[in-house]
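A short write-up of the structure that comes next.
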Amino acid sequence: MIKQIELLKAEVEAFVFDKNQNAENFRLKYLSKKGIITELFDQFKQLGGEEKRSVGAILNQLKQLAESRWQEQKLAEENDADGSVNQFDTTLPVYQGLPGSAHPLKIVENRLVEIFQTLGFDLAEGPEVEDDEHNFGSLNFAEDHPARDMQDTFFIGDFVLRTHTSSVQIREMEKGKLPLRLIMPGRVYRNEAVSARSNCFFHQIEGLYVDENVSFADLKQTLYYFVQQFFGEGTKVRFRASYFPFTEPSAEMDIWAGLDTEENRRLTKGTGWLEVLGCGMVHPNVLESCGIDSEKYTGFAFGMGIDRITMLKYGINDIRDLFVNDIRMLSQFAGV
Ligand code: PHE
């Protein structure tokens with residue numbers, strides 16, 4: 003009988019659980035009322051003194067081993083989400099998953115950066131949490147400028163969430179290396195009510211070129227090239243005089259969308275022109291606040307909303323659609 007028990011111990015030890023042999027099959031075979039081990043205990047009861055003692059010890063070992071293997075397997079099966087253990091079917095086709103794709107804002111940002119890089123602009127980035135000096139002061143904002151107001155700006159203690167990427171201009175000019183030719187994308191924040199047309203955060207891309215003899219003609223030519231590349235050859239452009247504290251003169255640039263569709267009449271408010279960006283010659287005060295000699299150097303800067311351009315490009319009517327991360331929307335941009 004001892005030999006039989008030793009053999010069973012080896013068998014229980016080596017028992018392989020699989021598709022057809024789960025914890026319950028194991029229990030029925032060894033531990034149930036009619037199981038092998040239970041039957042051995044019945045035989046064991048009929049043994050006499052000396053034999054009983056030696057058999058008893060190893061029979062108990064066998065029982066303990068079987069119970070622990072059963073418990074362990076039972077637990078594994080309970081933990082397995084679909085209740086199957088080692089039951090994977092190697093013949094099933096591989097799950098393909100959803101292919102990832104760039105977010106439409108990133109697609110547009112990449113394209114914008116690429117266009118300016120071909121003109122020799124380098125990529126630069128700055129922090130989203132800024133101090134007053136970089137977001138306003140060095141950019142020639144008056145102490146009482148309304149943009150500093152609680153209404154527009156999110157404050158974090160002594161800091162602000164940058165309200166535009168123009169702060170990165172300052173950070174780069176302060177480094178003291180000229181000439182500078184930079185393209186600077188990033189997220190910006192404004193304390194505005196969220197609606198189809200505005201959000202409390204959005205994205206801008208800023209351009210800056212500082213060197214000797216940089217003129218407004220250079221600015222116009224650079225932006226003209228960008229428009230032809232991004233919106234298509236032959237796209238008409240116009241500049242309107244405007245005001246920003248950090249540029250002088252300042253302008254806004256529009257592109258001609260036309261009035262031939264209902265959509266274009268709505269988007270252009272009946273003018274046919276779409277506002278695309280703000281720009282101008284870097285104000286001498288700004289150059290000087292960054293330690294740049296404004297007698298020797300001039301520069302131009304421009305800034306545009308990436309979200310707005312993305313909406314125009316893809317016909318997205320609600321800015322919030324860009325941020326809900328609905329896979330049905332995002333998947334349309336796979337491979338774009
Ligand atoms: N910072 C301006 C804005 O947020 C845009 C701008 C950038 C204008 C650079 C001129 C020069 O509206």
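Quick note: the sequence shown uses my numbering, first residue 3, plus one each step. Ideal Cβ placement from N, Cα and C applies to all residues, glycine included. Just so you know, these numbers come straight off a predicted model, no measurement behind them.
Outcome for P187 when other beta-carbon atoms lying within 10 angstroms are tallied against a minimum of 16: Here the question's residue 187 lines up with position 185 in the sequence shown. Classification for P187: buried.
Any non-hydrogen atom of ligand 1 closer than 7 Å to S296 Cβ: As a first step, residue 296 must be located in the sequence shown, where it is residue number 294. The answer is no for S296.
Given G307 as reference, the closest of K31, I257, E111 and Q6 once Cα atoms are compared: Your numbering for residue 307 matches position 305 in the sequence shown. It is E111 whose Cα lies nearest to the Cα of G307.
6 Å Cβ shell around F304 - same chain, five flanking residues per side excluded: Working through the sequence shown from its first residue, we reach residue 304 at position 302. Counting only Cβ-Cβ distances below 6 Å, and skipping sequence neighbours, we find G209, L279 and C281.
Per DSSP, the bridge partner or partners of Q206: The residue given as residue 206 occupies position 204 in the sequence shown. In the DSSP output, where bridge partners are listed per residue, Q206 has G188 and G307.
Range of the contiguous beta strand (DSSP E) that encloses S244: Translated into positions along the sequence shown, residue 244 becomes position 242. Unbroken beta strand (DSSP E) run through S244: V239 to F246.
Proximity below 8 Å, CB of E254 to CB of R189: As a working note, residue 254 is residue 252 in the sequence shown. As a working note, residue 189 is residue 187 in the sequence shown. No, Cβ-Cβ distance for E254 and R189 is not below 8 Å.
Sub-8 Å separation of D154 and R199 beta-carbons: As a position in the sequence shown, residue 154 is number 152, starting the count at 1. As a position in the sequence shown, residue 199 is number 197, starting the count at 1. Not closer than 8 Å, so no.
Residue(s) in a DSSP beta bridge with E254: Within the sequence shown, the letter at position 252 stands for residue 254. In the DSSP output, where bridge partners are listed per residue, E254 has R242 and G280.
CB-CB length for F212 against I294, believed under 8 Å: Residue 212 sits at position 210 when you count from the first residue of the sequence shown. Residue 294 sits at position 292 when you count from the first residue of the sequence shown. It should be noted that the sequence gives Val, not Phe, for residue 212. With a Cβ gap of about 7 Å, V212 and I294 count as contacting.
K65 versus F90: straight-line alpha-carbon distance, rounded: For the purposes of this step, residue 65 is taken as the residue at position 63 of the sequence shown. For the purposes of this step, residue 90 is taken as the residue at position 88 of the sequence shown. Approximately 30 Å between the Cα atoms of the pair.
N-terminal and C-terminal residue of the alpha helix (DSSP H) that E174 is part of: Within the sequence shown, residue 174 is the residue found at index 172, counting from 1. S168 to E176 is the span of the alpha helix (DSSP H), which, as asked, contains E174.
Touch test, the stretch 264 to 275 against the stretch 147 to 167, Cβ-Cβ under 8 Å, three pairs minimum: no
Distance between L49 and L61 (C-alpha atoms, nearest Å): Reading the sequence shown from its first residue, position 59 is the one you call residue 61. Reading the sequence shown from its first residue, position 47 is the one you call residue 49. Approximately 13 Å between the Cα atoms of the pair.
Boundaries of the alpha helix (DSSP H) in which F138 is found, first to last residue: Locating residue 138 in the sequence shown gives position 136, where the first residue counts as 1. Neither: F138 is in no alpha helix (DSSP H) and is coded neither H nor E.
Q171 burial status per 10 Å Cβ neighbour count (16 or more: buried): Taking the first residue of the sequence shown as 1, we reach residue 171 at position 169. Q171 should be labelled buried.
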